[in-house]
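Data block below; observations after.
2 protein chains.
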Amino acid sequence: MIDRLIAGIRKTQAPIVVGLDPTMKLIPSHIRRKAFAEYGETMKGAAEAVWQYNKAIVDAVCDLVPAVKPQIAMYEQFGVEGLIAFQRTVEYCREKGLVVIGDVKRGDIGSTSEAYAVGHLGQVRVGDTMCRGFDEDFVTVNPYLGSDGVRPFVKVCREERKGIFVLVKTSNPSSGEFQDRLVRDEDGRERPLYEIVGEQVAAWGADCMGASYSNVGAVVGATYPEQGRILRSIMPKAFILVPGYGAQGGRGADLVHFFNEDGLGAIVNSSRGIIAAYQQEQYTEYGEENFADASRAAVLAMKEDIAQALAARG
Amino acid sequence: MIDRLIAGIRKTQAPIVVGLDPTMKLIPSHIRRKAFAEYGETMKGAAEAVWQYNKAIVDAVCDLVPAVKPQIAMYEQFGVEGLIAFQRTVEYCREKGLVVIGDVKRGDIGSTSEAYAVGHLGQVRVGDTMCRGFDEDFVTVNPYLGSDGVRPFVKVCREERKGIFVLVKTSNPSSGEFQDRLVRDEDGRERPLYEIVGEQVAAWGADCMGASYSNVGAVVGATYPEQGRILRSIMPKAFILVPGYGAQGGRGADLVHFFNEDGLGAIVNSSRGIIAAYQQEQYTEYGEENFADASRAAVLAMKEDIAQALAARG
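Just so you know, the sequences run in chain order A and B. Remember, this note's numbering sits 404 above the position in the first sequence when you count from 1. Remember, this note's numbering sits 404 above the position in the second sequence when you count from 1.
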């Protein structure tokens, strides 16, 4: 699956993933009104609004980017109806040829991680029949429980030719509270925990290689460019999924350290910055009705920002 | 909500939570056959089997225990249909007066954790209407992203009088890989990471107190009794949810350190050991058809085992 992602990045020349993180406040009022008129101010109404919003954005940007990343929490908040909208979004994006990264941040003890892995990436046996659940291409995984919480995902990735991105250094302000703690490595040296996790990502990924990169990648926030540089060298074969660009404060110039010399190795996520571009001052000319066109313009601007930053590093 | 849990423990004299973690291999064949006859070997068929299995077990044990803990991964593996069975199980258990601990292990950056918190414990705004999603009483939370990933859950707990259990030291074999790493605390002393997380649990919980314990508890595995003893003293007001009893190897005698002198402070989970008791040698007399009676017998045996261990400590 990492090879398909890389092919998509090469084709579009955009190492960009669009975060499909719909909240009620981001959805244009005409979409909400229509959905509520049909289904009421209910979970079903909310889910319908989410789906119509996503569909319009996906239609507007699917030729520009290789991948989307729906954040499942934004769907799960609307209960079962929200998760139906999540599944519908995953299916639609796959039909459009997009690589779908389910931002689910699951992780548990071994047998339980296995259930998450088959439910999101693989197949579950029902009687003599194999059935597929959410069927994303990649998911994000939380490593706090250690190797036996991550390996079931790696196993399913190998069987299904899919991939994962393991949380290493997240983009949020308090990510350092535990992730930056200095710990002793095997050689007795003190190093931040995220480096140790990064080394494990490289180890887990060695068994799950694509042509040039591993199907086991890492999440490292754009808001921590210096840590990105170090992690880039610790995990040379791991693709880095980089959240935190745009709304969270990360800029194009912060991103260069996340890429390898081959111009690959990272894919940058923007959520609100793209899907709610119409709410930003520089895109108000589009108007709320044309929110999807604003999203398209925001993708093009982000592509240019990253290209310039990569060109500037020479 | 912690006060309701404590009242339930006092009433039943059983600090026990039944883990409702259904997998196809655990569900008796007559239940599977009936569900597949009705809905085929489909996700819907699997979800129906899960629901009928859960319902029979809940009916058989609901007067003996204060709480249940459905592990959402075991439902999520069956996609949307599985999550419908999860929701149905939560609702049914609440109707029966049981406290429901959703073992979801969610955790993300602030705004995203907020979505999980409202979806599982609180209410989400749809237009001018507030709607409830999965509506568990407690959920488990993964702390790897730090305070700003946990605080949105605490906020919703305060508003809704609900609770969380934060992963501190999990029951699985490789939990030490990151959780046991020695890190420097503020005083420059080297201590395992789980102690630092435990201290944060105490801090987060201070703002969210019930009568004698906090609504912010911790998960500490029965398989690590010595760590349980230390964490018990680091977080005196935190209730400890203890997985790993039974199938994972924890025994009654391992549990005493998790309790305070008042006989409270811990609630012990058993999943397979109860819900699939009929598959164990000592309960074969019940037969597969009477699996729920075997579950009831297993609860009574577990209650006795814990009571003896607590009595033996004097």
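Just so you know, even glycine gets a beta-carbon here, dropped at the ideal spot from N, CA and C. Since the model is a prediction, treat every value here as computed from it, not as a measurement.
Can you tell me the Cα-Cα spacing of residue i and residue j, whole angstroms?
i, j, result
"A/Phe557", "B/Glu480", "15 Å"
"B/Ala460", "A/Asp512", "27 Å"
"B/Val721", "B/Ala715", "Outside the displayed range of chain B (405 to 718) lies residue 721 of chain B, so it cannot be described from this structure."
"A/Arg593", "B/Val508", "35 Å"
"A/Asp425", "B/Val703", "43 Å"
"A/Cys687", "A/Val465", "Reading off the sequence, residue 687 of chain A comes out as Tyr, not Cys. Straight-line Cα distance between these residues: approximately 16 Å."
"B/Ala720", "A/Arg437", "This structure cannot settle anything about residue 720 of chain B, because the visible part of chain B is limited to 405 through 718."
"B/Asp709", "B/Lys415", "18 Å"
"B/Val494", "B/Asp539", "8 Å"
"A/Lys566", "A/Gly621", "11 Å"
"B/Ser517", "B/Arg510", "8 Å"
"B/Gly412", "B/Pro470", "5 Å"
"B/Met739", "A/Glu630", "Here chain B has residues from 405 to 718 only, and residue 739 of chain B is not among them."
"B/Glu693", "A/Val522", "29 Å"
"B/Asn664", "A/Asp589", "35 Å"
"B/Ile410", "B/Val530", "34 Å"
"A/Thr544", "B/Tyr617", "34 Å"
"B/Ala642", "A/Leu635", "36 Å"
"A/Leu468", "A/Gly667", "18 Å"
"B/Ser407", "B/Glu499", "Position check: residue 407 of chain B holds Asp in this sequence, whereas Ser was assumed. Each residue's Cα considered, the two are about 18 Å apart."
"B/Asn619", "A/Ile420", "41 Å"
"B/Pro640", "B/Asn546", "20 Å"
"A/Ala705", "A/Ile679", "13 Å"
"B/Arg700", "B/Gly677", "11 Å"
"A/Val504", "A/Leu525", "11 Å"
"A/Leu571", "A/Gly609", "14 Å"
"A/Gln417", "A/Asp541", "20 Å"
"A/Leu502", "A/Met534", "24 Å"
"B/Asp591", "A/Leu597", "18 Å"
"A/Gly669", "A/Gly506", "19 Å"
"B/Gln491", "B/Ala615", "30 Å"
"A/Lys707", "A/Glu685", "19 Å"
"A/Gln652", "B/Ala519", "17 Å"
"B/Thr574", "A/Lys573", "21 Å"
"B/Asp644", "A/Ala711", "According to the sequence displayed, residue 644 of chain B carries Ile and not Asp. In a straight line, the C-alpha of B/Ile644 is about 51 Å away from that of A/Ala711."
Cutting at 8 Å between CB atoms, please list the residues of its own chain near residue i, excluding the five before and the five after it.
i, result
"A/Met447", "Phe482, Gly483, Val484, Glu485, Gly486"
"B/Ala450", "Met428, Ala439, Phe482, Glu485, Gly486"
"B/Arg717", "Val660"
"B/Ile638", "Glu599, Gly602, Glu603, Ala606"
"B/Tyr496", "Asn458, Lys459, Val462"
"B/Met613", "Asn619, Lys641"
"B/Pro432", "Tyr457, Tyr682, Glu692, Glu693, Phe695"
"A/Leu430", "Tyr457, Arg676, Ile679, Ala680, Gln683"
In its own chain, which residues sit with a C-beta less than 6 Å from the C-beta of residue i, not counting the 5 before and 5 after it?
i, result
"A/Gly654", "Ala626, Thr627, Gly648"
"B/Tyr690", "Tyr682, Asp697, Ala698"
"A/Gly632", "Val624, His661, Phe662"
"B/Asp552", "Gly514"
"B/Arg536", "Gln527"
"B/Arg595", "Asp589"
Please return the same chain residues whose Cβ sits closer than 7 Å to the Cβ of residue i, not counting the five positions on each side in sequence.
i, result
"B/Ala713", "Gly656, Ala657, Leu659, Val660"
"A/Asn458", "Leu424, Pro426, Thr493"
"B/Ile435", "Ala453, Gln456, Tyr457"
"B/Ile488", "Ala451"
"A/Leu549", "Gly511, Asp512, Ile513"
Taking residue i as the query, report the chain E residues whose CB atoms sit under 8 Å from its CB, ordered along the chain.
i, result
"B/Met639", "This model lacks chain E altogether, as its protein chains are A and B."
**OP:** Would you mind listing the alpha helix (DSSP H) stretches within the region 602-680 of chain A that are 4+ residues and don't spill past its ends, in chain order?
**Re:** Listed in chain order, they are 629-638, 656-659, 676-679.
**OP:** Specify whether the region 665-679 of chain A and the region 648-657 of chain A touch according to this definition: at least 3 beta carbon pairs, one from each stretch, less than 8 Å apart.
**Re:** Taking a cut-off of 8 Å for Cβ pairs, the region 665-679 of chain A and the region 648-657 of chain A touch, as three or more such pairs fall below it.
Original post:
Pairing CB atoms from the region 438-445 of chain B with CB atoms from the region 469-476 of chain B, are three or more of them under 8 Å?
Top reply: With the cut-off at 8 Å, the region 438-445 of chain B and the region 469-476 of chain B do not touch.
Original post:
Taking a cut of 7 Å between CB atoms, which residues from the region 534-555 of chain B lie near chain A?
Top reply: Result list: Cys535, Gly537, Phe538, Asn546, Pro547, Tyr548, Leu549, Gly550, Ser551, Asp552, Gly553.
**OP:** Tell me, please, whether the region 558-575 of chain B touches the region 568-586 of chain A by the rule of three or more beta-carbon pairs shorter than 8 Å.
**Re:** Short answer: they don't touch.
Original post:
Which residues, in order along the region 576-593 of chain B, keep a beta-carbon less than 8 Å from a beta-carbon of chain A?
Top reply: Flagged, chain order: Asn576, Pro577, Ser578, Ser579, Gly580, Glu581, Phe582, Gln583, Arg585, Leu586, Val587, Arg588.
Original post:
Is there contact here, the region 590-607 of chain A with the region 563-578 of chain B, by at least three beta-carbon pairs under 8 Å?
Top reply: The region 590-607 of chain A, when compared against the region 563-578 of chain B, does not touch it at the 8 Å Cβ threshold.
Subject >> Proximal residues, the region 473-488 of chain A versus chain B, C-beta separation under 7 Å >> reply: Going along the region 473-488 of chain A in chain order, one finds Gln475, Ala477, Met478, Glu480, Gln481, Phe482, Gly483, Val484, Leu487, Ile488 with a Cβ nearer than 7 Å to chain B.
**OP:** Identify every run of the alpha helix (DSSP H) within the region 444-488 of chain B, keeping only runs that are complete inside it and at least 4 residues long; order them along the chain.
**Re:** Counting only runs of 4 or more, we get 447-465, 477-480.
Original post:
At which residue ranges does the region 412-446 of chain A contain complete alpha helix (DSSP H) runs of 4 or more residues, listed in the order of the chain?
Top reply: As far as the region 412-446 of chain A is concerned, its whole alpha helix (DSSP H) runs of at least 4 residues are 433-443.
Subject >> Selection of the region 446-460 of chain B by Cβ proximity to chain A, strictly under 7 Å >> reply: Against chain A - using a Cβ distance shorter than 7 Å - the residues of the region 446-460 of chain B are Thr446, Met447, Gly449, Ala450.
**OP:** Determine which residues of the region 515-532 of chain A have a Cβ less than 7 Å from any Cβ of chain B, and write them out in chain order.
**Re:** Residues passing the 7 Å Cβ filter: Thr516, Ala519, Tyr520, Val522, Gly523, Val528, Arg529, Val530, Gly531, Asp532.
**OP:** Kindly provide the ranges of any beta strand (DSSP E) runs that are 3 or more residues long and lie completely inside the region 480-531 of chain A, ordered along the chain.
**Re:** Listed in chain order, the complete beta strand (DSSP E) runs (minimum 3 residues) inside the region 480-531 of chain A are 503-510, 527-530.
Original post:
Quick one, which residues of the region 605-635 of chain A are near chain B if we go by CB-CB under 8 Å, in chain order?
Top reply: Within the region 605-635 of chain A, no residue qualifies.
**OP:** Could you name the residues of the region 416-440 of chain A whose beta carbon sits closer than 8 Å to any beta carbon of chain B, in the order they occur along the chain?
**Re:** Within the region 416-440 of chain A, Asp425, Thr427, Met428, Arg436, Phe440 place their CB atoms closer than 8 Å to a CB of chain B, listed in sequence order.
**OP:** Could you please tell me which residues of the region 659-680 of chain B, in chain order, have their CB closer than 9 Å to any CB of chain A?
**Re:** Result list empty, no residue passes.
Original post:
Using Cβ-Cβ distances below 7 Å, what residues of the region 488-504 of chain B are close to chain A?
Top reply: Cβ contacts with chain A come from Ile488, Gln491.
**OP:** Check each residue of the region 695-711 of chain B: if its Cβ is closer than 9 Å to any Cβ of chain A, include it; give the result in chain order.
**Re:** Residues of the region 695-711 of chain B whose Cβ lies closer than 9 Å to any Cβ of chain A: none.
Subject >> Inside the region 571-604 of chain A only - beta strand (DSSP E) runs reaching at least 3 residues >> reply: Counting only runs of at least 3 residues, the region 571-604 of chain A fully encloses the following beta strand (DSSP E) elements, listed from N- to C-terminal order: 586-588, 594-596.
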